[in-house]
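Numbering (my numbering), first residue to last: -13 to 174.
In this text, a Cβ means the ideal position worked out from N, Cα and C, and glycines have one as well.
Comments concern the structure below.
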């Protein structure tokens, strides 16, 4: 009886694994960003992310929340993050409209102000798989990552100088997304 039960469980696991394999290998899984999500896709991705983050240490921010750090964070954010996550008072960037999952617009009431700063720090430093969120470890210093983390944590209470810094020089969504590239020459 126990042997039959174990064989049944093993067959069930193999059938489920085979079904998942067929779902992907036969091209039934949605791969375009405009396609509807897979069953339970968002739920499982969030479950995995939050279970992983819950196991990590929860350090306090390594920079104080003051205008100096928020201004530095705003400059870094504008150069590296605004192309996907937007700016205060600006329309959603075109790049964000074509991504799945859609990146949160951090200055439009949706975002990470309810997350602890350490969580935003971890996401900026390490990125998040299958979301388009890159990791900036090695590209930004620890201090810079913390400055961005405290900025987005306090996105709902930024001061006017920080708001001006975020708005200064903002032009098109493509220029925000690719700040160091020069525009293509005009066709004649």
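Please check the pair residue i and residue j, which I expect to be a contact at CB under 8 Å, by giving their CB distance rounded to whole angstroms.
i	j	result
residue 122	residue 110	6 Å
residue 15	residue 9	6 Å
residue 97	residue 141	6 Å
residue 118	residue 85	5 Å
residue 136	residue 55	6 Å
residue 89	residue 28	Incorrect: roughly 14 Å between the Cβ atoms, too far for contact.
Flag this pair as yes or no: are the beta carbons of residue i and residue j separated by less than 9 Å?
i	j	result
residue 93	residue 62	no
residue 48	residue 71	no
residue 68	residue 50	no
residue 53	residue 147	yes
Should residue i be labelled buried (16 or more other beta-carbon atoms within 10 Å of its own) or exposed?
i	result
residue -6	exposed
residue 83	exposed
residue -13	exposed
residue 103	buried
residue 107	buried
residue 64	buried
residue 171	Here the model assigns residue 171 a pLDDT of 48, short of 50, so the residue's position is not dependable, and the following value carries that caveat. Result: exposed.
Check for me: the alpha helix (DSSP H) holding residue i runs from which residue to which?
i	result
residue 79	That residue, residue 79, is in no alpha helix (DSSP H); it is neither H nor E in DSSP.
residue 130	128 to 139
For the region 146 to 153 against the region 73 to 93, do three or more pairs of beta-carbon atoms, one drawn from each stretch, fall closer than 8 Å, so that the two count as touching? yes
Between the region 49 to 68 and the region 120 to 136, are three or more C-beta pairs nearer than 8 Å? Touching, yes.
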